[in-house]
Each structure stands twice: as C-alpha cells, then as structure tokens.
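In UniProt numbering, the protein residues as written are 1 to 107. All C-beta atoms, glycine included, are put in the ideal place defined by N, C-alpha and C. Reading through the structure tokens given below for one structure.
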Amino acid sequence: MSLDELTGDVESTYTDIDEEQSVSLDRETRHELAMLGAAFGTEDTDELLRRAVHLLFQTTVDRGTLDFHLRQAYDVTYDEYLSGMTYEEMTGQDQYPQRDDERRYQM
C-alpha cells in the first residue's frame with residue numbers, strides 16, 4: 001500500500017459516509033451517552049457523538065496509534081498523509097539509486 005492508496009481510501013470512505021449515520025447502541029453505550037448528556041446539559045446526542053469521534057481521533061494521533069496502523073496498512077504516517085509526500089520524497093532519498101556495496105570497490 002502507499003500514500004496514493006491511503007488518499008484514495010480516505011476520499012472514497014468520506015463520500016460513502018451519509019449525512020445521517022444510524023448507529024445502534026448497546027445498553028452500556030446508551031447509559032454512558034445519557035450520563036454525558038446530563039453532565040454537559042444537552043439533549044443533542046449528535047453533538048456528543050461528534051465530540052467522541054474528535055476525541056478518539058485526537059487520542060489515536062497523540063498516542064501514535066494512528067501512525068502504527070497506517071504504517072502497517074499503507075506504509076505511511078499521518079504526517080506523510082497531511083504533507084502529501086513520504087519522508088523519502090521530502091528528504092530526497094528516493095532520487096538516488098541504491099548503492100551496491102559488494103561491487104562498490106571493484107575496479
């Protein structure tokens with residue numbers, strides 16, 4: 001996998017997400033959502049779910065979990081995705097051919 005494939009998958013998933021998501025909640029999640037609604041004084045559970053997604057995303061970025069999964073699946077990091085280029089492309093390492101150390105000193 002590559003940066004281009006990750007970008008394609010993100011764009012494809014983004015367009016597949018409907019404006020209205022219907023999520024079935026188990027008993028524990030429903031209780032926790034009700035507790036958060038009461039604590040924040042809101043009846044708008046959609047806002048709490050948006051906050052939850054933001055918090056989950058930020059936590060996975062901060063802990064490096066997102067990079068771990070992206071590296072496994074696409075061989076890129078979130079920073080590489082944001083910049084649109086890999087570290088090799090940024091540093092110019094991909095411009096030079098690999099050295100053949102075995103034949104390097106042969107005359």
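Annotation for Gln72: the continuous alpha helix (DSSP H) segment containing it runs 65 to 74. Contact between Ser2 and Asp67 does not hold, since their C-beta atoms are separated by about 16 Å, which reaches or exceeds 8 Å. Look at Val61 here: in three-state DSSP terms it is helix.
Restricting attention to His69, Asp46, Phe40, the CA atom closest to the CA of Ser22 is found in Asp46. In the three-state scheme derived from DSSP, where H, G and I count as helix and E and B as strand, Val23 is classed as coil.
Per DSSP, reduced to three states, the secondary structure at Asp4 is helical.
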